Amino acid sequence: MNRSPAIVARSAAPDAIARLVADGIHPLLARIYAARGITAPQETRCAFEHLAAPESMLNLATMARLLADAIARRKRLLIVADYDADGATACAVGMRALTAFGAEVGYLVPNRFEYGYGLTAEIVRLAHARARPDILITVDNGIASFDGVAAANRLGITVLITDHHLPAASLPEAACIINPNQPGCAFPSKNLAGVGVMFYLMLALRAELRSRGAFRAGPSSLSPDPSAPGNSGEPNLAALLDLVALGTVADVVGLDNNNRILVQQGLLRIRAGRLQPGVAALFRTAGRDPRRATTHDLGYTLAPRLNAAGRLTDMALGIECLTTADASRARAIAGELDRLNRERRTIESDMQDEARTAIDNTDWSENFSLSLFDPGWHQGVIGIVAGRLKDQFHRPVFAFARAGSGEIRGSGRSIPALHLRDALDRIAVRNPGLILKFGGHAAAAGLTLREADFARFSTALEETARSLLSPGDLKRVIETDGTLEEEYCTLETAAVLGDGVWGQGFPVPRFCDEFEVAAQRLVGEKHLKLVLRRGGLAIEAMRFNYPEPAPPRIRAVYQAATNDYDGRTSLQLNIEHWEDVPASGPTHSARRNMSVEGPADSL
Numbered sequence: 007m008n009r010s011p012a013i014v015a016r017s018a019a020p021d022a023i024a025r026l027v028a029d030g031i032h033p034l035l036a037r038i039y040a041a042r043g044i045t046a047p048q049e050t051r052c053a054f055e056h057l058a059a060p061e062s063m064l065n066l067a068t069m070a071r072l073l074a075d076a077i078a079r080r081k082r083l084l085i086v087a088d089y090d091a092d093g094a095t096a097c098a099v100g101m102r103a104l105t106a107f108g109a110e111v112g113y114l115v116p117n118r119f120e121y122g123y124g125l126t127a128e129i130v131r132l133a134h135a136r137a138r139p140d141i142l143i144t145v146d147n148g149i150a151s152f153d154g155v156a157a158a159n160r161l162g163i164t165v166l167i168t169d170h171h172l173p174a175a176s177l178p179e180a181a182c183i184i185n186p187n188q189p190g191c192a193f194p195s196k197n198l199a200g201v202g203v204m205f206y207l208m209l210a211l212r213a214e215l216r217s218r219g220a221f222r223a224g225p226s227s228l229s230p231d232p233s234a235p236g237n238s239g240e241p242n243l244a245a246l247l248d249l250v251a252l253g254t255v256a257d258v259v260g261l262d263n264n265n266r267i268l269v270q271q272g273l274l275r276i277r278a279g280r281l282q283p284g285v286a287a288l289f290r291t292a293g294r295d296p297r298r299a300t301t302h303d304l305g306y307t308l309a310p311r312l313n314a315a316g317r318l319t320d321m322a323l324g325i326e327c328l329t330t331a332d333a334s335r336a337r338a339i340a341g342e343l344d345r346l347n348r349e350r351r352t353i354e355s356d357m358q359d360e361a362r363t364a365i366d367n368t369d370w371s372e373n374f375s376l377s378l379f380d381p382g383w384h385q386g387v388i389g390i391v392a393g394r395l396k397d398q399f400h401r402p403v404f405a406f407a408r409a410g411s412g413e414i415r416g417s418g419r420s421i422p423a424l425h426l427r428d429a430l431d432r433i434a435v436r437n438p439g440l441i442l443k444f445g446g447h448a449a450a451a452g453l454t455l456r457e458a459d460f461a462r463f464s465t466a467l468e469e470t471a472r473s474l475l476s477p478g479d480l481k482r483v484i485e486t487d488g489t490l491e492e493e494y495c496t497l498e499t500a501a502v503l504g505d506g507v508w509g510q511g512f513p514v515p516r517f518c519d520e521f522e523v524a525a526q527r528l529v530g531e532k533h534l535k536l537v538l539r540r541g542g543l544a545i546e547a548m549r550f551n552y553p554e555p556a557p558p559r560i561r562a563v564y565q566a567a568t569n570d571y572d573g574r575t576s577l578q579l580n581i582e583h584w585e586d587v588p589a590s591g592p593t594h595s596a597r598r599n600m601s602v603e604g605p606a607d608s609l
């Protein structure tokens, strides 16, 4: 397979850049924003009042009225959550807000190894046996739960679905469904995460309760304990924005303007120290300072620890971390989540090695897709393995693990050119009975097969990928923001960029420039630390998890970042990719003096 990527610079409309600069936005940021489709200054303002109006979400007001009636009649509510970080944060938002509103509410999160995903008939029966709920509220699932909703209806349990996944041709017969992606919904942010949908529901419910005179004057504390002092006032739902930001970034949904507002507001609260005890504990356990929180911290530091519970054991542990008011309990849970995450990394590393061995032993060079199955693989980690292989080989990838009873479960990740859920839908239509169940997004999806049908699915996926992709789609492209001018190659620039809201659909700024490698050494046995020269600048740089020495001159794709070490903050270029640039004349090769040292420090 040709793995050499093409490096391209994003284009930005000059008139859009000019409008942004005229509004006082820094020229570098103006160029970066314009290259991401920002054409007006107001699109850069992440004030809470610019959120999309709740009224535009189909059925939102109706569901709010149903919940207000249920609270008034002391109905028993049970949230059925998903087992990932989006589902956990959505559940926590619902638990915290509904409790503050005076509801009698609990939660149930399916163990992925026993029950699989979503509101299944088995989960409904379990919920009925354990809690005898009057109303089930799904978060981050339910839009494809036809059997589960039917089972609840037979038991006389009302089902309210809150979800954001793409629906099938028909919808479950729930009492009410809110989902920005369901037919007829005019809500402008189709990228809203499950936690975002739940947050909007709580906004609408508060408005409905307010109209009924449910709150006395003055704000409440939004404590998990409804009898706590101050909880008779109107709850301040902004107190939950740290959870909304975490779930939104963790679920890798598109960061459109509405999602950027939610994430930015959550980050502002985190940096100001107004965060849940569980979120604070996750920062502390990870050794990160919440006062300097970034989207990278949410997506790559906190989310993996939270997800580890759902991947290896039970996400109930993660939800308890996010809902407890006891700081010491939160710290204890965060420590256990950290341990689980270390265990997950070990399992993942072994699975990655096995997957690459399987690929190396097979001629995949002409394939448009990859399907992998190993009887010993861990069901909770296959999604990560699929994602890593998708990044490496730039093909849609499915990884499968045994699920018992002769079935296997697969988790897939896709490249931008192939909508993965639509591809599975096409396979299901053309191969009746092959896929037992499936669901997901454009970039990620899951499914269940009979183990005996793995080879048949692999063939069907390859045929579908070939029909929907061109050879050019399989060429990995690294998009950059062009050169970082020398006057902007500063610590101040790195700090400003680090404070931004970056992620899926609004990528973190990357730059591409040529450098002379003045010095380099290995630190921590697997990271390369360098000094790069460009013009009159000497700049420290790192290439993490890459022990191979750099050539004397490189064309590098990098991020401008801050490095905190030994009480000193400095500019550091984090290199993601480089190419050898042939020297035009004699140059000193930094290869000859490579050394291996311990933890990274300054050169």
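According to the working numbering, the sequence shown holds residues 7 to 609 in order. Ideal Cβ positions, reconstructed from N, Cα and C, are used throughout, including at glycine. Only a predicted model underlies this, so the values are computations on that prediction, with no experimental measurement involved.
Our two residues, ILE484 and LEU72, have alpha carbons roughly 48 Å apart in a direct line. In this structure VAL115 is buried. Its beta-carbon is surrounded by 16 or more other beta-carbon atoms within 10 angstroms. PHE404 is bridged by DSSP to SER377 and GLY418. Ranked by Cα distance from ILE545, the first of PHE521, GLN385 and THR291 is PHE521. One Cα belongs to LEU246, the other to GLY93, and the distance between them is close to 15 Å.
Looking at the DSSP output, HIS533 sits in a beta bridge with VAL529. Between ASN313 and ALA91, the gap from beta carbon to beta carbon is short of 8 Å. In the DSSP annotation of this structure, the continuous segment of the alpha helix (DSSP H) that includes ASP356 starts and ends at 333–366. Three or more Cβ pairs closer than 8 Å define a contact, and the stretch 105–125 meets that threshold against the stretch 65–85.
Put simply, the backbone Cα of GLU349 is about 14 Å away from that of ILE388. Following the DSSP letters along the chain, one finds ALA70 inside the alpha helix (DSSP H) bounded by residues 66–78. In this structure, the straight-line span from the alpha carbon of ALA336 to that of ALA87 is close to 20 Å. Between ARG294 and ASP303, the CB-CB gap stays under 8 Å.
For SER576, the closest C-alpha among the options TRP584, ALA567 and HIS583 is that of ALA567. With respect to ILE143, THR168 sits close: the two C-beta atoms are nearer than 8 Å.
Remark: C-beta atoms of PRO402 and SER375 approach each other more closely than 8 Å.
A Cβ-Cβ distance of about 19 Å is found for the pair VAL259 and ALA299, leaving them out of contact under the 8 Å criterion. Three or more beta-carbon pairs separated by less than 8 Å are not found between the stretch 261–280 and the stretch 494–503, which leaves the two stretches without contact.
With fewer than three CB-CB distances shorter than 8 Å, the stretch 20–32 does not count as touching the stretch 208–225. Cβ atoms of ALA150 and GLY445 come within 8 Å of each other, at about 5 Å.
In the structure shown, ASP586 adopts extended strand secondary structure according to DSSP, grouped into three states. Distance from ASN159 to GLY124 at the Cβ level is roughly 16 Å; contact not present, criterion being Cβ atoms closer than 8 Å. Only residues of its own chain outside the window of five on either side were considered, and among them PHE374, ALA423 and LEU424 have a CB closer than 7 Å to the CB of LEU475, listed in chain order. With contact defined as three or more Cβ pairs closer than 8 Å, the stretch 352–370 and the stretch 132–142 are not in contact. In the DSSP assignment, THR168 forms a beta bridge with VAL145 and ILE184. When the Cα atoms are used, ASP257 and MET101 turn out to be separated by approximately 20 Å.
Taking C-beta separations shorter than 7 Å and ignoring five residues to either side along the sequence, the partners of ASP248 in its chain run GLY272, ARG275, ILE276, LEU281, GLN282 and VAL285, following chain order. By the Cβ criterion, the stretch 15–24 is in contact with the stretch 34–44, since at least three pairs of Cβ atoms, one from each stretch, lie closer than 8 Å.
About 19 Å separates the beta carbons of LEU243 and ARG266, which is beyond the 8 Å limit, so they are not a contact pair. Fewer than three Cβ pairs drawn from the stretch 548–555 and the stretch 506–517 lie within less than 8 Å of each other, which leaves the two stretches out of contact. Secondary structure of GLN565 (DSSP, three-state): strand.
If the five residues before and after THR486 are omitted, its C-beta is found closer than 8 Å to the C-beta atoms of ILE13, VAL14, ALA15, ARG16, ARG516, PHE517, CYS518 and VAL563, all from its own chain and listed in chain order. In this structure, GLY418 is the residue among GLN398, GLY418, LYS396 and ARG394 with its C-alpha nearest to the C-alpha of PHE404. When the beta-carbon positions are compared, ARG311 and LEU288 come within less than 8 Å of each other. Checking the DSSP bridge columns, you'll see GLY446 partnered with ALA451.
By the 16-neighbour rule on beta-carbons within 10 angstroms, ASP431 is buried.
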